[in-house]
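Below is one structure, written out as structure tokens; comments come after it.
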């Protein structure tokens with residue numbers, strides 16, 4: 001894998017990049033697999049290598065498309081710490097994610113797309129302040145839940161129940177079952 005990163009670095013004209021490659025491998029939890037071939041890696045490890053390839057030439061703008069999709073919690077935390085340190089060093093980070101909590105924690109500005117159209121663009125706090133609460137309304141049609149479990153999910157028999165989220169803000173969403 002180290003050799004793969006050397007080649008990737010060379011494609012961008014960056015030579016003698018071993019110290020940076022070693023740092024990337026360490027920060028992404030790949031150091032112990034540095035000399036392994038790609039075919040010997042698990043799916044999660046291969047995902048880490050893709051991120052390493054995106055970073056190996058130290059781009060000023062780093063574009064990451066769903067970088068935490070399909071990775072374990074430990075890697076997610078390491079990856080965001082690493083990306084945060086790159087941002088602190090002056091790199092611009094552009095990422096796509098379906099995880100609002102990640103976007104809220106990592107981004108200074110958010111753009112929300114719906115069906116290929118830009119529907120919102122603003123600083124993170126300004127965008128989130130447009131929405132009052134942390135409540136998700138869930139409308140359940142009759143028969144959606146077994147009779148004995150309805151009380152578990154809904155306080156009462158009203159067709160609309162409220163569930164509060166205490167960990168992070170969520171944007172309103174229409175759910176059609």
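In UniProt numbering, the protein residues as written are 1 to 177. Even for Gly, the Cβ is constructed at its ideal location relative to N, Cα and C.
Query                                                                                                : Result
Assigned exposure category for residue 8 - 16 Cβ within 10 Å defines buried                          : buried
Cβ shell of residue 67 (< 7 angstroms), same chain only, five flanking positions each side left out  : 51, 79 and 95
Segments of 3+ residues assigned as beta strand (DSSP E) that fall wholly inside the region 18 to 95 : 61 to 65
Under 7 angstroms between C-beta atoms of residue 34 and residue 41                                  : no
As assigned by DSSP and simplified to three states, the class of residue 104                         : helix
Residue 6 - containing alpha helix (DSSP H), residue span                                            : 2 to 11
Length of the line joining the Cα atoms of residue 99 and residue 22                                 : 29 angstroms
Assigned secondary structure, residue 16 (DSSP; H/G/I helix, E/B strand, else coil)                  : coil
Of the residues 19, 83 and 128, the one placed nearest residue 54, counting alpha carbons only       : 83
Residue span of the beta strand (DSSP E) that contains residue 123, given as start and end           : 117 to 123
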